[in-house]
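All remarks here apply to the structure that follows.
In our numbering, the protein residues as written are 1309 to 1517.
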């Protein structure tokens, strides 16, 4: 089996940048590695992604179920087959995002979310989850200064929502610290990437070059 590495973080934390940096570094060193993201990574997932980016005010339950459907498709069509063939899979967001955003952010029932997560990804747990953590005001400022001024469903939420999301992530780390690596996303991205690389190396075994 390969290694399953997930990147998590609030909006503007820089997790997608770090996921791409790790993917590039592993590829350069000869590892067989797949980079994917949620929602997305499959034809259904990309449809769901576009719908959630539309800021059209979906009901929270609809939003939750769309994420679960996209995840089930990604797990069955991409993640499980790739891991089974010995690939390293890097996923930009996974089940923890649903707990943080729909559970803590939206205030939906955490038991329901845990059940849906298990249904969509039965028995699948990341070998490592990297939380790229920044203060809420830093993440939101980064988003506002970006080239794309069209906020999606979550980016358009206020600071209080994003603070609840961040607190949700912190509570998840406290519950299971062994599978989380929290890194300061306010550092230079090269420094952050170096810290992540040091933590990832023990997962790699003898593969690569």
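Backbone N, C-alpha and C define an ideal beta-carbon position, used for all residues, glycine too. Computed from a predicted model, the values in this text were never measured in an experiment.
For a cut-off of 8 Å, the C-beta gap from residue 1493 to residue 1440 is around 4 Å, short enough to register as a contact. Taking a 10 Å sphere around the C-beta of residue 1423, we find fewer than 16 other C-beta atoms and assign the residue as exposed. Within the DSSP secondary-structure output, residue 1354 pairs in no beta bridge. Contact annotation: residue 1462 and residue 1400 have beta-carbon atoms that are not nearer than 8 Å. Secondary structure remark: continuous alpha helix (DSSP H) runs of at least 4 residues inside the region 1390 to 1460, in chain order: 1403 to 1406, 1418 to 1428 and 1444 to 1452. Rounded to the nearest whole angstrom, the CA to CA distance from residue 1407 to residue 1338 is 34 Å. A check of alpha carbon separations from residue 1506 across 1489, 1421 and 1496 identifies 1489 as the nearest. Residue 1464 holds the alpha-carbon nearest to the alpha-carbon of residue 1447 among 1433, 1464 and 1386. Taking the Cα positions, residue 1374 is about 7 Å away from residue 1356. Residue 1431 and residue 1340 have their C-alpha atoms spaced approximately 23 Å apart.
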